[in-house]
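*Asks:* In the numbering used here, the protein residues as written are 8 to 730.
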């Protein structure tokens, strides 16, 4: 076993049974997991095939696998690891490909990604009667996803308004469409694995016997379904080893349940808890500031990070007169770093905050990379080619067919497709089957029949050839047969060159996959479906990295600038309850602990919000960190603190002059929480006008958005402690 500190060694050599390793930021959690696997194999004599290690990104899984192989390769005499190391979703896919027929489904199912889900939901919403509440596809997909991650059914979900009733209806239509397409979404992978393990004892026992040691990385990020998978697989032998940090639980909006880590000792009898608190990443001043912030949270198991390196620059705090000045100052500081710029990052709470920083960087001709832009595999041309490939593998994939039926155009327009859609609905069969039957449908004119049959013959021929050629050759065949490159030139005269370069890069990716000799088009599509944004991070030479606090999780930089420490930004305006504020505090803590050598927090006294300039209040987090911060420059005037604690104060439904007075006091601002007797709680998106002409656009928690004349409406402003 390589050199470990005392706490790391205690964790890695923990005896059988449940173990929770509370690993603070930068304390070497990956090293502990790797050494745990090595210790089980080399010291305990555990067969590597009996070890299952689960994490959340392919990048983390690949790193873990490579490090274990490097440690045990000499002993095992192999460059492959027999242990199963991968993401929860990849493991679920692995099991379901082999067992899903027990659940009455076919193993040749397609996986719908987010774009496919939104496309399907958009079509379902379009077909809803006008009497239903208007919702966005993303709102409905998110509602369905939250329920599935909690292993809930629509009938068990409380419906407090018409919007949720509509979501219930769409839940059934959505899953009927998935079944017709022989498809699953990402949440289905987890839900169906739980169902398999619960309902089929022989399958459960099979995988329990196979995997005698279960290890889970980033346990604080698990949702209810992932928790249940781990529990079902370890029930009986109890050998579950989880590593996580409740202070870095920042993904509740994606379904993560912090209770999984907080309740570990209650859920797993006789559990051991080992704390890793020695930080190997950051300087003492950075850790002192981060500790001072996060200790204000109540929902935590508790730990205090420390480092053997007692020196380092104090944490800086800069207050700019405006957001524009803030961006200019940060960029000037990055410029001073010289070659160190590529080891620096600018972090922010919301994506839109990057704009001013980007503009300041461009004015100076400085390199930068924005994490979270349009991902390579999400670009239109790539999605088009993947649509062809997926339809070849799964002829029932209607969403892929809809995407490519007119790409390039082939004489099948919207009206014709509506007719085919009606036929498919009446016959309850895939669209490709309906198109195939047009050969004998004399109600269609010859042009429509020929267009439909031409497409069917194209797909049939490609599908036949796809079974015996490398992925790169198949994509080239699709490009040549469909004349897709010519289509790009004709449809996008301005940017067709960059789009063609994207296609060429895709071919390079296909060739790289072929060189690995790990399968054909089915496996290629499977690998892409399991990819995540975190796996695509790549930093250009000499470039400063711009990214959100959420995207920064798991990364580290020599120098970090955390901008926008203002009320309504961090914590975010949507954080109403104390639990939500605690997650925002954890997010700030995560951002701060990305810094190795230097950390600077910034704020602006004014900022353009929705087209109007606003005075800004300082974030409560700055006050909580307090004396750990050193002002970079003394401002001529201090920023105000957050609003004082006040009771609910009526604004609407009063005389216009009273409403105007309230507005003059600055009460109705962007981000202000409000209550409406009919629509419930919400927040101000923006305001226009003034006095008795003041109008406010409100987004309510139900998802609806309404515009009100403030002086005429019964709105109440909710200030002070949010409930």
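Glycine residues also receive a C-beta, built at the ideal position from the N, C-alpha and C atoms. In this text the structure is predicted, and so the values were computed from the model without any measurement.
Nearest-angstrom Cα distance between residue 363 and residue 557?
*Replies:* Their backbone Cα atoms lie some 19 Å apart in a straight line.
*Asks:* Taking just the CA atoms, how far does residue 550 sit from residue 409?
*Replies:* Whole-angstrom Cα-Cα distance: 40 Å.
*Asks:* Would you mind working out which of 46, 155, 35 and 566 sits nearest residue 287, comparing C-alpha positions?
*Replies:* Closest by alpha carbon: 35.
*Asks:* Would residue 194 and residue 596 qualify as a contact pair, given that the criterion is a beta-carbon distance under 8 Å?
*Replies:* No. Outside cutoff.
*Asks:* Roughly how many whole angstroms lie between the Cα atoms of residue 574 and residue 629?
*Replies:* Whole-angstrom Cα-Cα distance: 10 Å.
*Asks:* Leaving out five residues before and five after residue 473 in sequence, what residues of the same chain have Cβ atoms less than 7 Å from its Cβ?
*Replies:* These residues qualify, in order along the chain: 399, 481 and 528.
*Asks:* For the putative contact between residue 566 and residue 347, defined by C-beta atoms under 8 Å, what is the C-beta separation to the nearest angstrom?
*Replies:* So it is a contact: roughly 7 Å between Cβ atoms.
*Asks:* Give every residue of the same chain whose Cβ lies closer than 6 Å to the Cβ of residue 268, excluding the five residues on either side of it in the sequence, and list them in chain order.
*Replies:* 226, 227, 251 and 253, listed in sequence order.
*Asks:* Between residue 652 and residue 725, what straight-line distance do the alpha-carbon atoms span, to the nearest angstrom?
*Replies:* Any reading at residue 652 must be qualified, since the residue scores a pLDDT of 29, below 50, and its modelled position is unreliable; the value itself is stated next. C-alpha separation (whole angstroms): 10 Å.
*Asks:* Leaving out five residues before and five after residue 272 in sequence, what residues of the same chain have Cβ atoms less than 6 Å from its Cβ?
*Replies:* Only 278 meet the Cβ criterion.
*Asks:* Excluding the five sequence neighbours on either side, which residues of its own chain have a C-beta within less than 8 Å of the C-beta of residue 621, listed in chain order?
*Replies:* These residues qualify, in order along the chain: 613, 614, 615, 676 and 677.
*Asks:* By how many angstroms is the C-alpha of residue 326 removed from the C-alpha of residue 361?
*Replies:* If you take the alpha carbons of residue 361 and residue 326, they lie about 18 Å apart.
*Asks:* Going along the chain, which residues of its own chain have a beta-carbon closer than 7 Å to the beta-carbon of residue 716, five neighbours each way excluded?
*Replies:* 702.
*Asks:* Less than 8 Å between the beta carbons of residue 39 and residue 30, yes or no?
*Replies:* Closer than 8 Å, so yes.
*Asks:* Mind the definition here: the stretch 144-159 touches the stretch 115-126 only if three or more C-beta pairs lie below 8 Å; say whether that holds.
*Replies:* As far as the Cβ criterion goes, the stretch 144-159 touches the stretch 115-126, which means the pair count is three or higher.
*Asks:* Using the beta-carbon count (16 or more within 10 Å), is residue 498 buried or exposed?
*Replies:* So residue 498 counts as exposed.
*Asks:* Here's the rule I'm using: 16 or more other beta-carbon atoms within 10 Å means buried, otherwise exposed. How should residue 605 be labelled?
*Replies:* That one is buried.
*Asks:* Quick one: any contact between the stretch 327-339 and the stretch 302-318, if contact means 3 or more CB pairs under 8 Å?
*Replies:* Result no; under three Cβ-Cβ pairs closer than 8 Å.
*Asks:* Grab the span of the beta strand (DSSP E) containing residue 455 for me, first residue to last.
*Replies:* Element bounds for residue 455: not the beta strand (DSSP E) but the alpha helix (DSSP H), 453-473.
*Asks:* Could you tell me whether the Cβ atoms of residue 115 and residue 593 are closer together than 8 Å?
*Replies:* Against a cut-off of 8 Å, the Cβ pair of residue 593 and residue 115 comes out as no contact.
*Asks:* So, for residue 563: in the same chain, excluding its five sequence neighbours on each side, which residues have a beta-carbon less than 8 Å away from its beta-carbon?
*Replies:* Same-chain partners within the cutoff: 33, 288, 601, 602 and 603.
*Asks:* Does the count of Cβ pairs from the stretch 441-458 and the stretch 410-427 closer than 8 Å reach three?
*Replies:* Cβ pair count under 8 Å is three or more, so yes.
*Asks:* Suppose contacts are defined by Cβ-Cβ distances below 8 Å. Is residue 338 in contact with residue 368 by that definition?
*Replies:* Their beta carbons are under 8 Å apart, which means residue 338 touches residue 368 by this criterion.
*Asks:* Can you tell me which of 297, 52, 290 and 328 puts its alpha carbon nearest to the alpha carbon of residue 318?
*Replies:* When each option's Cα is compared against that of residue 318, the closest is 290.
*Asks:* Just verifying my parser: in three-state terms, what is the DSSP assignment at residue 395?
*Replies:* DSSP places residue 395 in helix when its eight states are reduced to three.
*Asks:* For a test of the three-state rule: what should DSSP assign to residue 400, helix, strand or coil?
*Replies:* Residue state, collapsed to three classes: helix.
*Asks:* With DSSP collapsed to three states, give me the class of residue 605.
*Replies:* Residue state, collapsed to three classes: strand.
*Asks:* On the premise that residue 198 lies in contact with residue 61, defined as a C-beta separation below 8 Å, what is that separation, rounded to the nearest angstrom?
*Replies:* Their Cβ separation, rounded to whole angstroms, is 16 Å, which puts residue 61 and residue 198 out of contact at 8 Å.
*Asks:* Have a look at the DSSP bridge pairing and note the partners of residue 613.
*Replies:* Answer by DSSP bridge pairing, in chain order: 622.
*Asks:* Looking at residue 489 and residue 415, is the spacing between their C-beta atoms short of 8 Å?
*Replies:* Yes; because the gap between Cβ atoms is below 8 Å, this pair is in contact.
*Asks:* Roughly how many angstroms separate the alpha carbons of residue 204 and residue 215, rounded to a whole number?
*Replies:* Distance between the alpha carbons of residue 204 and residue 215: 10 Å.
*Asks:* With C-beta atoms as the reference, is residue 537 less than 8 Å away from residue 65?
*Replies:* Taking 8 Å as the Cβ cut-off, residue 537 and residue 65 qualify as a contacting pair.
*Asks:* Are residue 202 and residue 131 closer than 8 Å when you measure CB to CB?
*Replies:* Result no, Cβ atoms of residue 202 and residue 131 do not sit closer than 8 Å.
*Asks:* Along the alpha helix (DSSP H) that carries residue 596, what are the first and last residues, could you check?
*Replies:* Its alpha helix (DSSP H) spans residues 585-599.
*Asks:* Per DSSP, which one or two residues make a beta bridge with residue 192?
*Replies:* Note: residue 192 sits in a beta bridge opposite 119.
*Asks:* Which whole runs of the alpha helix (DSSP H) in the stretch 131-212 are 4 residues long or more, in chain order?
*Replies:* Those alpha helix (DSSP H) runs which fall completely within the stretch 131-212 and span 4+ residues are 144-156, 169-187 and 193-206.
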